[in-house]
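Peer 1: Residue numbers (my numbering), protein chains in the order written: chain A, 582 to 748; chain B, 3 to 269; chain C, 1258 to 1379. Beta carbons: idealized from backbone N, C-alpha and C, even for Gly.
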């Protein structure tokens, strides 16, 4: 079956400023990544990467971003990610950087990786819990952390759990 | 080996600048060029005029560098169509259209692209390089166009002028390559000044940038252009009937057909 | 490096394999700048080449090791040397360059060769 092959790059936004989290939205991240590709690889790189480039998934609480691009140009994208220096939105600039976690061929592989990664993060969080209340919250989240049937079919939305209470 | 050709030199009104363009093209090594007359139906109704004969415009043609032959000048008509009713002009046997050597069409919507690739009687389909493609290329019409012997044209002069155009040119070209796998591509300039022309090997190198292989890139400036010119010639020899001919051998068989038909009707 | 392979007959054949000849490509170029303005100096010429690379290929392109081996300001012709892996990048950047200091110009690539033993011959 002849179809276009894509690559999905999973990365997380790391920043010292906690207010950076509110700046994480798909338009700001997309612009920052495209700007970095334009700087590092010029017009050619920008043209190659923007053929099928989108921000597929974004989680502002954990700072997880899933980017998609064509298989032929994913190397250009990955090599330009370390050059993202700041995120800008609503005239606010926050210095940050992108840490590449995983590159996969489908959204499912990235989803599986993300669940495992979040589980490890929660375990680390568990060890650094200071009181019983927090410990119970984190343990509850850990138990919920798995790929259920409905989540498999729905695709890529809301499959990772975080330490804070969101419901 | 087929000589190099540049199939898109906009036909401005200034004779002197055209002469300068021709001289530069000959100096760079192009054996054939096509003077392009663009008709855009969005503007007020335009009539298709008879093509100006090159021998009238240029009393003496410059000699191609590296050979002793003079540069060949063809006439080309490009129709910019944004509405299905504009295609009727091609279907009707307007006498003036037949006089042009090459006919190209510039579809603006996906439906028109499909129509141009599958049914219209043209030699070239122009691909938009100055703006983001409003539609994605699909495999079935592109494959059908390749089977019919229609070539896809990419322009490179907008990429020289502006950074944003450069991005759109490369982006659209790479999208096309991924669908057509490098077949049936013609790269030409749309140079209005001699300085906007580039040599044939430089243009072939641009093809490498778009993702063509070395052989395909060189063919985009030479062999494919010659095939397009021959495709246009078959339209002249077979009056009113459309054949897609890629191999030059068939042209001779083609030209004897009308004679046979004549014999049959007389008998 | 030379490898000798004596044939069965009286003549001996010698096959020379030059290992290091594939590293660089040499381009003979000419900058066409028809208006009568000031011609770029050698340093400005190199800067023009690097800025063309930076526009088309970004910082990675600008960092390509390109050397201007010879440059004649009077005729605006030069010989450039580039690593073979960067030939397509450099050539395409020169082709798509249209302006020098807001003046229209064009780079004409006259010759491309993988070895440089013709430098100095005109």
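Along the chain, which unbroken stretches of the alpha helix (DSSP H) at least 4 residues long are found entirely within the segment 66-106 of chain B?
Peer 2: 90-93 and 97-100
Peer 1: Would you mind working out which of A:630, A:645 and A:605 sits nearest residue 616 of chain A, comparing C-alpha positions?
Peer 2: Minimum Cα distance to residue 616 of chain A is reached at A:630.
Peer 1: Indicate whether the contact test is met: 3 or more Cβ pairs, each with one atom in the segment 149-162 of chain B and one in the segment 606-621 of chain A, closer than 8 Å.
Peer 2: no
Peer 1: Would you list the residues sitting across from residue 1348 of chain C in a DSSP beta bridge?
Peer 2: According to DSSP, which records beta bridges pairwise, residue 1348 of chain C is partnered with nothing at all.
Peer 1: By the criterion of Cβ-Cβ separation under 9 Å, what are the contact partners of residue 1315 of chain C in chain A?
Peer 2: 618, 619, 620, 621, 622, 623, 624, 625, 626, 627 and 661
Peer 1: DSSP on residue 702 of chain A, reduced to helix/strand/coil?
Peer 2: The DSSP-derived three-state label of residue 702 of chain A is helix.
Peer 1: Using the rule of at least 16 other Cβ atoms within 10 Å of the residue's Cβ for burial, across every protein chain shown, is residue 9 of chain B buried or exposed?
Peer 2: Flag for residue 9 of chain B reads buried.
Peer 1: Please list the partners that residue 631 of chain A has in chain B, where partner means a Cβ-to-Cβ separation under 7 Å.
Peer 2: 173
Peer 1: Out of C:1295, C:1339 and C:1354, which has the shortest C-alpha to C-alpha gap to residue 1333 of chain C?
Peer 2: C:1295
Peer 1: Check for me: the alpha helix (DSSP H) holding residue 619 of chain A runs from which residue to which?
Peer 2: 607-630
Peer 1: From residue 207 of chain B to residue 1283 of chain C, what distance separates their C-alpha atoms?
Peer 2: 15 Å
Peer 1: Starting from the beta carbon of residue 168 of chain B, find every residue of chain A whose beta carbon is closer than 7 Å, and list them in chain order.
Peer 2: 624
Peer 1: Measuring only the C-alpha atoms, how far is residue 11 of chain B from residue 624 of chain A?
Peer 2: The straight-line gap from Cα to Cα measures roughly 26 Å.
Peer 1: DSSP three-state call for residue 130 of chain B: helix, strand or coil?
Peer 2: Coil.
Peer 1: For residue 667 of chain A, name the three-state secondary structure that DSSP assigns.
Peer 2: If DSSP states are grouped into helix, strand and coil, residue 667 of chain A belongs with the strands.
Peer 1: Suppose you measure from the CA of residue 171 of chain B to the CA of residue 665 of chain A; what does that come to, to the nearest Å?
Peer 2: 26 Å
Peer 1: Which chain B residues sit within Cβ distance under 7 Å of residue 1353 of chain C?
Peer 2: Chain B residues near residue 1353 of chain C: 161, 162 and 168.
Peer 1: Going by DSSP in three states, residue 1370 of chain C sits in which element: helix, strand or coil?
Peer 2: strand
Peer 1: Looking at the C-beta of residue 1343 of chain C, does it have a partner C-beta in chain A at a distance below 8 Å?
Peer 2: no
Peer 1: Taking residue 1338 of chain C as the query, report the chain A residues whose CB atoms sit under 9 Å from its CB, ordered along the chain.
Peer 2: Under the 9 Å cutoff, chain A gives no residues; its nearest Cβ is about 21 Å from residue 1338 of chain C.
Peer 1: Does the CB of residue 297 of chain B have a neighbour CB from chain A at under 8 Å?
Peer 2: Residue 297 of chain B is absent from the structure shown; chain B starts at 3 and stops at 269.
Peer 1: Should the segment 690-706 of chain A be regarded as contacting the segment 601-612 of chain A, the criterion being three or more beta carbon pairs within less than 8 Å?
Peer 2: no
Peer 1: Which value, in whole angstroms, describes the spacing of the CA atoms of residue 38 of chain B and residue 191 of chain B?
Peer 2: 11 Å
Peer 1: Flag this pair as touching only if the segment 175-183 of chain B and the segment 1308-1322 of chain C have three or more C-beta atom pairs under 8 Å; answer yes or no.
Peer 2: no
Peer 1: Secondary structure at residue 241 of chain B, three-state DSSP: helix, strand or coil?
Peer 2: Here residue 241 of chain B scores only 49 on pLDDT, less than 50, and its place in the model should not be relied on; the value that follows carries that caveat. Here residue 241 of chain B sits in coil by DSSP.
Peer 1: Does any CB atom of chain B fall closer than 8 Å to the CB of residue 1323 of chain C?
Peer 2: no
Peer 1: Could you give the residue range of the beta strand (DSSP E) that holds residue 50 of chain B?
Peer 2: Counting along the chain, residue 50 of chain B falls outside any beta strand (DSSP E), and DSSP gives it neither H nor E.
Peer 1: Just grab the DSSP bridge partners of residue 683 of chain A for me.
Peer 2: A:591
Peer 1: Kindly indicate which residue of A:667, A:654, A:726 and A:671 has the alpha-carbon position closest to the one of residue 586 of chain A.
Peer 2: A:654
Peer 1: Hey, out of A:721, A:695, A:697 and A:694, whose CA is closest to residue 707 of chain A's CA?
Peer 2: A:721
Peer 1: For a minimum of 4 consecutive residues, which ranges assigned as the alpha helix (DSSP H) are wholly contained in the segment 4-41 of chain B?
Peer 2: 17-30
Peer 1: Report the residue from B:121, B:212 and B:115 whose alpha carbon sits nearest the alpha carbon of residue 128 of chain B.
Peer 2: Among B:121, B:212 and B:115, the Cα nearest to that of residue 128 of chain B belongs to B:115.
Peer 1: Shorter than 8 Å from the beta carbon of residue 1320 of chain C to some beta carbon of chain B?
Peer 2: no
Peer 1: Is residue 79 of chain B closer than 8 Å to residue 105 of chain B when the C-beta atoms are compared?
Peer 2: Result yes, Cβ atoms of residue 105 of chain B and residue 79 of chain B sit closer than 8 Å.
Peer 1: I'd like the span of the beta strand (DSSP E) that includes residue 1329 of chain C, first residue to last.
Peer 2: From DSSP, the beta strand (DSSP E) with residue 1329 of chain C extends over 1323-1329.
Peer 1: Can you pull the chain A residues whose beta carbon is under 7 Å from the beta carbon of residue 1312 of chain C, in chain order?
Peer 2: Here the neighbours are 623 and 624.
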